[in-house]
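Single-structure report; data block below.
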Amino acid sequence: MVNKFGSCISSQRPDLTLRSLSHLQDSPTTYGTDLAPSTPKTPADEGKEFFLGPRSEREQPIRVYELGLDPDGGPNNQRSYIRLPPAYTPYILRVSLDAGTPASKNGVFKTNFPLDGGAFERDKYAERTLPTNLTKPIQVDLPISHAGAFVYWVEYDGDAPGERVKGREGYFNIDPILRVHARSSILSNDLKPLLPSEG
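When we follow numbering that gives the first Met the number 0, the leftmost residue of the sequence shown carries the number 0, and every step to the right adds one.
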């Protein structure tokens, strides 16, 4: 199944890594306290847990929206800004780049989307080194679980030795989930208007 961004449905889990405190759990605690996180879970943390957790056979497949980049590592003009649907159920935004393109030379994908979980910070950027395997397309999966507006780009080696090229920036916006309380009835059972104090 494909949508306007090149979306497909996948029953496989995306390749995500979740940093945890498991390496600390075997060590003794200090001052009799346990190793509970100092801050509550963020929406990005909850999204990563969703993708890394077990799935049952009855669950819907994970939806994947694919955003293909041009050979220079930037989005084309029509996709420099994309708007994604609300994450009622978390889904994947897969940024892909063809193998062997200039942007695949020691490429690094950068974004202010919180790839590693935690709170969003406008000026904090996560990085992913792009694979150097030139036999298959390069893909970076972003686990979408909350609303926000984010920027991304690819940096790669230029033609001159030591030169780094920054590709064109792209932007994606995830619509929020809006909920309203159910409205009380304005009509009685016999379909007569109710006073504000009655409805």
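Using N, Cα and C, we set each Cβ at its ideal position, and we do this for glycine too.
Whose C-alpha, out of the options, is nearest the C-alpha of residue i?
i, options, result
"ARG82", "ASN172, ILE137, PHE119 and GLU56", "ASN172"
"ASP122", "SER144, ASP140 and PHE112", "PHE112"
"GLN138", "ARG57, VAL94, GLY117 and ASP71", "VAL94"
"GLY147", "PHE119, GLY166 and GLU56", "PHE119"
"TYR80", "LEU193, SER55 and GLY67", "GLY67"
"LEU141", "GLY117, GLY72, ARG78 and TYR90", "TYR90"
"ILE61", "ASP71, PHE49 and ARG78", "PHE49"
Straight-line CA distance for residue i to residue j?
i, j, result
"LYS109", "VAL179", "36 Å"
"LEU114", "ALA125", "6 Å"
"GLU197", "GLY52", "48 Å"
"LEU177", "ALA86", "11 Å"
"GLU45", "TYR170", "23 Å"
"ARG54", "ILE143", "17 Å"
"LEU193", "THR88", "39 Å"
"ARG127", "ALA102", "13 Å"
"GLY31", "PRO160", "Bear in mind that the predicted position of GLY31 carries a pLDDT of just 37, short of 50, making it too unreliable to give a figure here."
"LEU96", "GLN59", "27 Å"
"LYS191", "ILE185", "8 Å"
For residue i, which three-state DSSP category applies?
i, result
"ARG78", "helix"
"PRO101", "helix"
"GLU45", "helix"
"LYS191", "coil"
"TYR124", "coil"
"PHE108", "strand"
"GLU168", "coil"
"SER95", "strand"
"GLN59", "coil"
Go through its chain and collect everything with a Cβ distance to residue i's Cβ below 7 Å, but skip five positions before and after it.
i, result
"ASP69", "ASN75"
"SER187", "LEU193"
Residues in the same chain with beta-carbon distance under 8 Å from residue i, minus the five sequence neighbours each way, listed in chain order, please.
i, result
"LYS135", "ALA98"
"PRO175", "PRO85 and ALA146"
"LYS104", "TYR155 and ASP156"
"PRO130", "ILE137"
"ASP25", "Any reading at ASP25 must be qualified, since the residue scores a pLDDT of 37, below 50, and its modelled position is unreliable; the value itself is stated next. Nothing meets the Cβ criterion."
In chain order, what residues of the same chain have a beta carbon less than 6 Å from the beta carbon of residue i, not counting five sequence neighbours either side?
i, result
"GLU168", "VAL150 and TRP152"
"ASP189", "none"
"VAL164", "TYR155 and GLY157"
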